[in-house]
Amino acid sequence: MTKKKTRASLVTGLAGGPYELWAVIFILVPLAFVAYYAFTDNAFHFTTANITRFFTATSTVTGSDGAAGEVHTYLVIAWRSIKLAVISTVVCLLLGYPLAYIISRASPRAQKTMMTLIMIPMWMNFLIRTYAWMTILQDTGILNNFLAKLGLGRIHIIGTETAVIIGMVYDYLPYMIMPLYSIMAKMDYRLIEAARDLGCAPAGVLRRVILPLSMPGVVNGVTMVLIPSISTFYISQKLGDGMFFLLGDAIEGQYVANNLHFAAAIAFILMVALLAAMAVMRALTDRYTYGGKGT
Amino acid sequence: MKRASKIFTFLMFLFLFAPLVILLVFSFNEARSLSVFSGFSLKWYKELFRDTETLNTVRNTIILAVCAAGVSTVMGTAAAVGIHRMRSKYLRSALDMVTNIPMINPDIITGISMMLMFVFASRLFGFANSLSFITLLIAHITFCLPYVILQVLPRLRQMDKSLPEAAMDLGCTPWGAFWKVELPELMPAIVTGMIMAFTLSLDDFVISYFTTGTGFQTLPIRIYNMTKKTVTPDMYALATIIFFVILALLLLSNLTDSEDSQRLRAARKAKRAAKGRPPMDPRKQRFLYAGGGCLALAAVAAAVVFAVTETDNKPQVLNVYNWGEYISDGSEGSMDVVKEFEAWYKEEYGRPVQVNYTTFASNEDMYAKLSQGAVSYDVIIPSDYMIERMIGEDMLLPLDFDNIPNYEHIADNFRGLYYDPENVYSVPYTYSMVGVIYNANEVDPADAVGWDLMWNEKYAGRILQFNNSRDAFGTAMYRAGIDVNTTDRTQWDRALEALLEQRRLVKSYVMDEVYNMMEAGEGAVAAYYAGDYFTMADAQAPSVDLRFYYPEATNYFVDAMCIPSCCQNKELAEIFINYMLSEEPAIANAEYTWYASPNDLVYTNEDYIDEMGEDAMDILYPDLEGFADHYNAYAYRNLDGELLDYINTLWETLKIN
Amino acid sequence: MDKIIELKNITKSYDGEAVLDDISLDIYDNEFITLLGPSGCGKTTTLRLIGGFETPDSGDILFGGERINDVPPHKRNVNTVFQRYALFPHLNVFENVAFPLRERKVPRDEITERVNEMLAMVALKGFEHRSVTSLSGGQQQRVAIARALVGKPRVLLLDEPLAALDLKLRKDMQQELKNIQKATGITFIFVTHDQEEALSMSDTIVVMSEGRIQQIGTSQDVYNEPKNAFVADFIGESNIVDGVMLRDKLVSFSGHTFPCVDGGFGANEPVDVVVRPEDVDIVAEDKGMLTGVVTSVTFMGVHYEVIVDIGGFKWMIQTTDFVDVDERIGLYIEPDAIHIMKKSEFSGLYGDYASFSNEFDELSDAESEGEE
């Protein structure tokens, strides 16, 4: 029996081995480097100054009422990033969820076509796509010219939070739809009929059957949108008129200023915060979905 | 579908495709503008196919995506099988968690973490250029792997466990059972995973930005570095072509997949059977599959070898690192300087040379890459203050001017400038000054004086300010008469006050976006470089009338060619620098960049003067009398790290206000 | 007949839980042998040991006299029909059946010939190019059988192959399998939890419970002479009551002494007494050996199923005579209808119909189908 067992584990080892090695060297070790840089100064001596700086650095901000006040620079930046990312994620969810549902209930052929259509924009470079949005949204852009022609007057979008959110939603929407769709496509629609049969109103069916069943998709979708949108720096630069300074901008700025240690410190804090948030979110949704078990 | 959901679906797809329609339309624009459509033309497609540098980056991007997708698919599938069969629950869940890390880590962190490791490894092992195609490939494989694994693993778990057993029962070895039964079953998941990996790799910018190195640049990075002249419509043309290629591929795969074709295939088989021939031997089919697989693998391997040898092993390679859009590249009938140099060199020296031309977005960007010691370049073209800093940090090599006889054409005004007082390390390439550009249809010419226009309440919400700290602070400091190189922090604080005061007047903080915004009339006032004004005026909308003037005190910059200490072939680098100074390429570059040239072969050339026109010459080449003094008084100088850090925090303060 | 497979003192456990506990079994050439037992009794594990998908913790498996403990599945001259058929979804019917032949590099013409022959045998001619996923359950079943037989194995293992089919189809397939076995002369080792199926098809039945073999014998043997209460209860319906063997051919139970045909027990030895429901005659109350009150009557088509309370113990009786609930009746039992068994660990666990209901039986049947 030992002979066979060792052969089986050898096969397993051969299959998984290279990946295990890869995962350690190229996933774990680099993260260790982030921590290492975050906790050292330029001479690679241990310090917590970088971390402290993130939480304590202040600057004077003049409010709209003209009153000046001290704020924690990076906490303000972090708060803004989180706010925009959360709004974008919620919008993605609100738009993506019904669309994924509609697609999942279409004929197989239509499903395939629509999912392909959703993937297509991802093949265009996202820098270019963002540039195209500038053309659409700017004050003399396509959208405003269109509105003006209709006699509706122009609206100022570019440079506002709305523009940044549109950019993020646009870029990350497919990442929301794909996991939602793949869960919904597998869903057994007899369950819905069963729920209706048992006296559930359509709203109740959504809340008590469809939503819990699609929860894993929601969690995946939210993760896949929230993560990139919290750290973006290109979209905010281009569509935010350079008015929005987000965490991604801060990290990139420190990198370009050759402040690798502080850049690593911001990255480290962001990473820890995100891992904690993910853990909490998964724990909560697990409880909600299955009363405690499963993913 | 109900009516409401139909409308909703339509609107969503409209939203998803609106930008693609814009790309498509503007790729046919006659003018350079990405906001004003002035007429139908195919010229950007012609440009694209002539632009060898862009095509190179497209090729690089595809090679990278193919390699990354290929390797991560093979390794990821093997990993999924390994994880699936793993007996230890703890090990399995630990590996599951690690696999998830690249997915739940923002790409900026993945990028930075890998860069830190590569840089460290290169210092440890003494590689000259640790950041290269290989590091980029490793990074891409790493972030693609989880997507493949997470596609394949669930499929494995769903698969009827008795399938491989049935195969073994019927005479397959365990290995054979995997190939003949499990693998075909996993194929759809593997293919999906591979397509995802390919897509992600193709579209990735952030991770590449941090891990790319010498000589291998991808398309997203090239686009990001297009800061000197902004993104051009040939990029839109490229996107349009990609769109149609993909559409065609998808239609094709849809066709071959559809029921019709299945019926067709069935019919063909039936025909075979009717003719008394047995159905195709699946061993033959397997052979075809295997052949296809081998071919794909061979293609991957070949691509790797090809790419590696391309970048690393050719005997004569010159790595040039320059700003984006800062050399005449053959567009619109101009001279393709890099290509011409290669041809000229071969003729002159009888040996081939290959120039790897890569770009950066800013001095700091370039400095960050070079100072980490993870790259190797032969010629770089930084700005003055950066040259001063690099000389101070021993990052540049003294030039052997015997190899650069054309240096004699550099005007005296550009010798002995502060950053290189002994003329040892640098050869000036271009120079220019910052001026104020305004839309005369909106701005009262009487207001167009000095820096005050940028602070004029009348034009609130119409002003564009630099989106980088040094230049933005510069405008405030010139205006207030503060030395832009002061080490007195209170002076910098004063400048910040001025910028804060200006902030509510500012429409936008811009870099290359300035082109589109000024051309379209999105903004009315902007500070930018003299040469760029002409580029904008060239593409302005009918309702816009751009004008330009210099404030009395303003920034002068000189960009110069230097040889960094990581240079691998100094003599070749010097030959290249000398070539850049010779008449034809020097004029071509000056005409392409619209910046002034310090080379007398250029600014005294009649054809060049004619080509530029009188107005342009006046603006580009203001009176050079006493240039050195002026320059030394107003140019940016290198500031020490602590002060830069301080300025950076001031900048962040401005930005979060 | 020659022994083809011998299992010698096999034990096997998963995670410390014994699944097979010292199993020894001889299987003969050309035999239709059925492993019968409830889910979790170890019958499927036994099959997998023979197939080579498991290795025993101790004990030996011999095939034609040779030890094959470490021979991998693909080198055993044994094929399996899997519970859910395990057809290869990426291959069509023809290719599924041709799979083992291609594996053995049989010449192409011969493959075509043998596959067609097999498909004809399982009545699937004309289905060669159909995708296996488009077939009905019964058709898939036939493909699985054809595929397992085309390589001419010495032994065919069938793991609950009929469990997923509906009743009518199952009956047809039972007959067909039996015919195929006779026609090919291959040893069939058949696993099922359905005792009726086992009785109707098998030459030999191996009744298993909790990892042990309870009884090996022909259908008649295990039905008429069950070794213990478990076998008696699992195969057919049984009233099992405590009794005392007074002497040979005389047994006392339910407060009455009965003549019987069994012997060989010690004097006054406590025993389990089995009486099949169809062997009890209903007579007038005063003429009965036992008397009781009818508590329920169910019409079953051919007969009535009557539950009678006799001194607190519920008997099941199958009769064609109608009786009414609450009626007091007498029971008469012939001596050869009384089967005496030694006391075992199963004594007292089975044979009382106090909580009997048809639905309950069906439910537990359905549950066990899903497992293993």
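Chains as they are written, first to last, in our numbering: chain A, 872 to 1166; chain B, 27 to 683; chain C, 87 to 458. By construction, the Cβ of each residue, glycine as well, lies at the ideal position given by its N, Cα and C atoms. These numbers come from a predicted model, not from an experiment.
Check: Inter-stretch contact (C-beta, 8 Å, three-pair minimum) for the stretch 189-198 of chain B and the stretch 189-208 of chain C; Outcome: yes
Check: Short Cβ contact (8 Å threshold) for Gly137/C with Val105/C; Outcome: no
Check: Environment of Gln398/B [buried if 16+ CB atoms lie within 10 Å]; Outcome: buried
Check: Chain-order list of residues whose beta-carbon lies under 8 Å from that of Lys310/B (same chain, five-residue window excluded); Outcome: Note that Lys310/B scores 46 on pLDDT, short of 50, meaning its location in the model is unreliable; the coordinates nonetheless yield the value given after this. For Lys310/B, where only same-chain residues beyond five positions count, there are no Cβ hits under 8 Å.
Check: Within chain B, the residues that Phe168/C reaches when beta carbons sit closer than 7 Å; Outcome: Ser188 and Ala192
Check: Minimum length 4: unbroken alpha helix (DSSP H) runs contained in the stretch 230-286 of chain C; Outcome: 253-270
Check: Chain-ordered chain B contacts of Asn165/C [CB-CB under 8 Å]; Outcome: Asp195 and Leu196
Check: Candidates Arg520/B, Gly500/B and Asp519/B: closest to Asn511/B by CA position; Outcome: Gly500/B
Check: Those runs of the beta strand (DSSP E) which lie wholly inside the stretch 355-386 of chain C and span at least 3 residues; Outcome: 355-361, 366-369 and 376-385
Check: The alpha helix (DSSP H) enclosing Gln491/B, as first and last residue numbers; Outcome: Not the alpha helix (DSSP H): Gln491/B falls in the beta strand (DSSP E), residues Ile489 to Phe492.
Check: Interface residues of the stretch 138-161 of chain C facing chain B [CB-CB below 9 Å]; Outcome: Gly138, Phe139, Pro158, Pro159, His160 and Lys161
Check: Length-filtered (4 minimum) alpha helix (DSSP H) runs lying within the stretch 394-464 of chain B; Outcome: 410-418
Check: Span of the alpha helix (DSSP H) around Pro901/A; Outcome: Val900 to Ala909
Check: Where Val124/B meets chain A, residues with beta-carbon distance less than 7 Å; Outcome: Ala894, Ile898 and Leu899
Check: With 16 other Cβ atoms within 10 Å as the buried cut-off, status of Arg333/C; Outcome: exposed
Check: C-beta atoms of Arg951/A and Phe1133/A nearer than 8 Å; Outcome: no
Check: Leu314/B classed as buried or exposed, judged by whether at least 16 other C-beta atoms fall within 10 angstroms; Outcome: In this prediction, Leu314/B scores a pLDDT of 48, lower than 50, which makes its location untrustworthy; the coordinate-derived value is nonetheless stated afterwards. Result: exposed.
Check: Length of the line joining the Cα atoms of Leu376/C and Thr120/C; Outcome: 38 Å
Check: CB contact below 8 Å: Asp514/B versus chain A; Outcome: no
Check: Proximity of Ile135/B and Leu998/A at Cβ, strictly below 8 Å; Outcome: no
Check: Integer-rounded CB distance, given that Asn314/C should sit under 8 Å from Phe399/C; Outcome: So it is not a contact: roughly 19 Å between Cβ atoms.
Check: Where Ala94/B falls: helix, strand or coil (DSSP); Outcome: helix
Check: Buried versus exposed, by CB contacts within 10 Å (16 or more), Thr513/B; Outcome: exposed
Check: Cβ neighbours of Tyr436/C in the same chain (closer than 6 Å, five flanking residues each side left out); Outcome: Ala315, Asp319 and Ile326
Check: Contact set between Gly940/A and chain B, taken where Cβ atoms lie within less than 8 Å; Outcome: The contacting residues do not exist; Gly940/A stays about 11 Å from chain B at best.
Check: Per-residue DSSP class, three states only, for Gly145/C; Outcome: strand
Check: C-beta neighbour in chain B for Gly223/C, strict 8 Å; Outcome: no
Check: C-beta neighbour in chain B for Asp1059/A, strict 8 Å; Outcome: no
Check: Residues that Phe185/C contacts on chain B, provided the C-beta gap is smaller than 7 Å; Outcome: Leu196
Check: Trp477/B - containing alpha helix (DSSP H), residue span; Outcome: Where Trp477/B is concerned, there is no enclosing alpha helix (DSSP H), given that its DSSP letter is neither H nor E.
Check: Where Pro590/B sits in the DSSP three-state scheme; Outcome: strand
Check: Residues of the stretch 180-207 of chain C with Cβ closer than 7 Å to any Cβ of chain B, in chain order; Outcome: Phe180, Glu181, Phe185, Pro186, Arg188, Glu189, Arg190, Arg194 and Thr198
Check: Through-space distance from Ser495/B to Asn664/B, alpha-carbon basis; Outcome: 14 Å
Check: Whole-angstrom distance between Thr1001/A and Glu548/B, CA atom to CA atom; Outcome: 17 Å
Check: The ligand GDP heavy atom lying under 7 Å from the CB of Ala223/B; Outcome: With respect to the ligand GDP, the structure offers nothing, as it holds no ligand at all.
Check: Pro611/B - containing alpha helix (DSSP H), residue span; Outcome: Glu609 to Thr619
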